[in-house]
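Going letter by letter, the sequence shown gives residues -21 to -1, 1 to 338 in mature numbering (1 follows the signal peptide of the UniProt record, and there is no 0).
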Amino acid sequence: MVRLLRSLFTAALALSTLANAAVVPIVGLDKRDVTPVADPVVVDSRGVNMRVTLRDGVLIAGYSTIENGRAYIRSAQSTNNGKSWTPLGIVTDRVASETDLSNAFPLNVNGRLLMAFRNHDKDTSGKLTHYRLTICESTDGGVKWDFLSQLDERAAVTPKNGLWEPFLRIAKDGSIQAYYSAENNDGDQDNIMKRSTNGGKDWSSVIPVTGSAVTARDGMMGVAEIGNNQLMVVFESQLTGHMGIYAMISTNDGATWQSRRQIYAATSGNEAGAPQIIYVGGTIVVNFMSNEAKPELPDVDGGEQKIITSTNNGESWSAAQVLSGLGSHWPGLHTLDSSRFLSLYSFNGKGLVSQEFTL
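If you want it as structure tokens, here you go:
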């Protein structure tokens, strides 16, 4: 995964990759306070990696659990904007020791629900043997799920060639865009995208998003439509030898991407990663994980969830604000209206939670 083997990125590699990309940290005075509206609401005490989509006014969630030796992708719903949640169905389940099953991402496609997720195989030693990103569909609001397609898959080889973190959105032309990360080797990973024009049954060839022009581990993408008819993608990368948060812009709905720059660098050589992005009433909101408050963590998992905002389409960014403290895991975001949003994360001692915030 993106955070593995950061020791491979020496100072010499950092200098060579910096020469190939415009990495311009922009953390400015664009301050907009983010305030919690309520305490975190428990979705599932066993859950992790939750993302949501809106269908007929109901929030539909996808997330993963491990229970009694089995790994699950589950669905849940909220009819009150995240104030409470009820279980819906099981998307799929497998023997936990035989799989790496996570990264659920739901999408409402004209009332039909899709769920993308990683669905890898392991051997008896725990080594990954096959990578796949699977798409399932539901036509009854998220209770019953059926296999639809494989977004991508390949046998595991050395050096690494993993497939990770699917992200779905509907393009302006009605096609479905599926963003994900693909390893080239231990020290290089790119963010890529495929399109489907038939509801997720078939997928196009690969479209580059980030990383093709640099040697770095780009990964964990989030994409949002922002102002001026643009898309912004945020992702983690290690161009400087330490993991930070980067962004690029598309002016043609994801066909091409440009203007790579760093939008957050952790302090004192620490790490920041796993970003997501939403657009809330003219403000870009980006959250991410950071180990700045506990540098002894092996990576950002279990650190703090932080947030930065921009009110000028990413020209400048606020200082970082803590959304949830140490013990946070893999947060997502969802816009509720022009001033409110949900943070979706796991927290030590609580499990999977949603929490409402206001700008």
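Where a beta carbon is used, it is the ideal one built from N, C-alpha and C, also for glycine.
(Q) Please list the terminal residues of the continuous beta strand (DSSP E) segment that includes E116. (A) One-based indexing of the sequence shown puts residue 116 at position 137. Taken as a continuous stretch (DSSP letters only), the beta strand (DSSP E) holding E116 covers 107 to 117.
Q) So, helix, strand or coil for residue 355, using DSSP? A) Nothing can be reported for residue 355: it is not among the residues displayed for the chain, which extend from -21 to 338.
Q) Which residues in the same chain have their Cβ closer than 8 Å to the Cβ of R25, if we skip the five residues on either side of it in sequence? A) One-based indexing of the sequence shown puts residue 25 at position 46. Closer than 8 Å at the Cβ level, and outside the excluded window around R25, lie T44, I45, E46, G330, L331.
Q. Cβ atoms of H313 and L323: under 8 Å apart, would you say?
A. Indexing the sequence shown from 1 puts residue 323 at position 344. Indexing the sequence shown from 1 puts residue 313 at position 334. Yes. Within cutoff.
Q. Can you give the Cα-Cα distance for W236 and G201, rounded to whole angstroms?
A. Within the sequence shown, numbered from 1, the residue matching residue 236 stands at position 257. Within the sequence shown, numbered from 1, the residue matching residue 201 stands at position 222. Approximately 14 Å, taken between the alpha carbons.
Q | Endpoints, the beta strand (DSSP E) within which V31 is located | A | Residue numbering aside, residue 31 sits at position 52 when the sequence shown is read from its first letter. Taken as a continuous stretch (DSSP letters only), the beta strand (DSSP E) holding V31 covers 27 to 34.
Q) Should the segment 50 to 59 be called in touch with the segment 102 to 109, which here means at least 3 C-beta pairs below 8 Å? A) no
Q) Around the C-beta of V3, are 16 or more other C-beta atoms found within 10 angstroms, so that it is buried, or is it exposed? A) Indexing the sequence shown from 1 puts residue 3 at position 24. Annotation note: pLDDT 40 at V3 (below 50); position unreliable, no value reported.
(Q) Restricting to Cα atoms, I'd like to know which of L276, N28, M172 is closest to S154. (A) Numbered from its first residue, the sequence shown carries residue 154 at position 175. Selected option, being the one with the closest Cα: M172.
Q.
Mapping the DSSP letters down to three states, classify A(-3) as helix, strand or coil.
A. For the purposes of this step, residue -3 is taken as residue 19 along the sequence shown, with counting starting at 1. Below a pLDDT of 50, predicted positions are generally treated as unreliable, and A(-3), at 33, falls in that range; no measurement from the model is reported.
Q. Leaving out the 5 sequence neighbours to the left and right, which residues in its chain are closer than 6 Å to V31 when beta-carbon positions are compared?
A. As a working mapping, residue 31 is identified with position 52 in the sequence shown. Excluding residues within five positions, the ones whose Cβ falls inside 6 Å are L38, A40, H313.
Q) How would you write the range of the beta strand (DSSP E) that G330 sits in, first residue to last? A) As a position in the sequence shown, residue 330 is number 351, starting the count at 1. 330 to 337 is the extent of the beta strand (DSSP E) around G330.
Q) With a Cβ-Cβ cutoff of 8 Å, do residue 381 and G252 count as a contact? A) Since the first and last residues shown for the chain are -21 and 338, residue 381 lies out of range.
**Q.** Limits of the unbroken beta strand (DSSP E) element including A40
**A.** In the sequence shown, counting from the first residue as 1, residue 40 sits at position 61. Looking at the DSSP string, the run of the beta strand (DSSP E) that includes A40 is 37 to 46.
Q | Nearest residue (CA-CA) to G178, options L92, E132, A298, E335 | A | For this step, residue 178 is matched to residue 199 along the sequence shown. If we check each option's Cα against that of G178, L92 comes out closest.
Q. So S322 is in the beta strand (DSSP E); what residue range does that whole segment cover?
A. As a position in the sequence shown, residue 322 is number 343, starting the count at 1. Where S322 is concerned, the enclosing beta strand (DSSP E) stretches over 319 to 326.
Q. Going by alpha carbons, who is nearest to H58 out of S76, D35, Y42, I69?
A. Your numbering for residue 58 matches position 79 in the sequence shown. The sequence given here has Thr at residue 58, not His. Residue D35 is the option with its Cα nearest to T58.
**Q.** Whole-angstrom distance between P145 and N28, CA atom to CA atom
**A.** In the sequence shown, counting from the first residue as 1, residue 28 sits at position 49. In the sequence shown, counting from the first residue as 1, residue 145 sits at position 166. Approximately 12 Å, taken between the alpha carbons.
Q: Using beta-carbon positions only, say whether V188 and I149 come within less than 8 Å of one another.
A: Locating residue 188 in the sequence shown gives position 209, where the first residue counts as 1. Locating residue 149 in the sequence shown gives position 170, where the first residue counts as 1. Contact: no.
Q) In whole angstroms, what separates the C-alpha of E132 from that of G282? A) Position 153 of the sequence shown holds residue 132. Position 303 of the sequence shown holds residue 282. The straight-line gap from Cα to Cα measures roughly 31 Å.
**Q.** Host beta strand (DSSP E) of residue 339 (start-end)
**A.** In this structure the chain extends from -21 to 338, so residue 339 is not present and cannot be described.
Q: Would you list the residues sitting across from I149 in a DSSP beta bridge?
A: Reading the sequence shown from its first residue, position 170 is the one you call residue 149. DSSP output for I149 lists I155 as bridge partner(s).
Q: Rounded to whole angstroms, what's the CA-CA distance from Y110 to G141? Just pull it up for me.
A: Locating residue 110 in the sequence shown gives position 131, where the first residue counts as 1. Locating residue 141 in the sequence shown gives position 162, where the first residue counts as 1. One C-alpha to the other measures close to 6 Å.
Q. Distance, Cα to Cα, P15 vs Q284?
A. Your numbering for residue 15 matches position 36 in the sequence shown. Your numbering for residue 284 matches position 305 in the sequence shown. Straight-line Cα distance between these residues: approximately 13 Å.
**Q.** Cβ neighbour criterion (16 or more within 10 Å) applied to P85
**A.** Working through the sequence shown from its first residue, we reach residue 85 at position 106. P85 is buried by the Cβ-count criterion.
Q | Residue environment, G198, which counts as buried when at least 16 other CB atoms sit within 10 Å | A | Here residue 198 refers to the residue found at position 219 when the sequence shown is read from its first residue. Label assigned to G198: buried.
Q | Nearest candidate by alpha-carbon position, reference L305, set N270, I287, S333, N292 | A | By 1-based counting over the sequence shown, the position of residue 305 is 326. Out of N270, I287, S333, N292, N270 has the C-alpha closest to the C-alpha of L305.
Q) What first and last residue would you give for the beta strand (DSSP E) that runs through P187? A) Your numbering for residue 187 matches position 208 in the sequence shown. Segment 186 to 189, the beta strand (DSSP E) holding P187.
Q: For S184, count neighbouring Cβ atoms within 10 angstroms of its own Cβ and tell me buried if that reaches 16, exposed if not.
A: Within the sequence shown, residue 184 is the residue found at index 205, counting from 1. Burial call: exposed.
**Q.** From K106, P138, T337, A161, residue whose alpha carbon lies closest to that of L315
**A.** Mapped onto the sequence shown, residue 315 falls at position 336. The option with the nearest alpha carbon to L315 is T337.
Q) Thinking just about the alpha-carbon of each residue, which of H221, T290, Y159 is nearest to the one in G260? A) Stepping through the sequence shown from its first residue, residue 260 is reached at position 281. Nearest option by C-alpha distance: T290.
Q: To the nearest angstrom, report how far apart residue 395 and S238 are at their CA atoms.
A: It is not possible to answer for residue 395, since the shown part of the chain is limited to -21 through 338.
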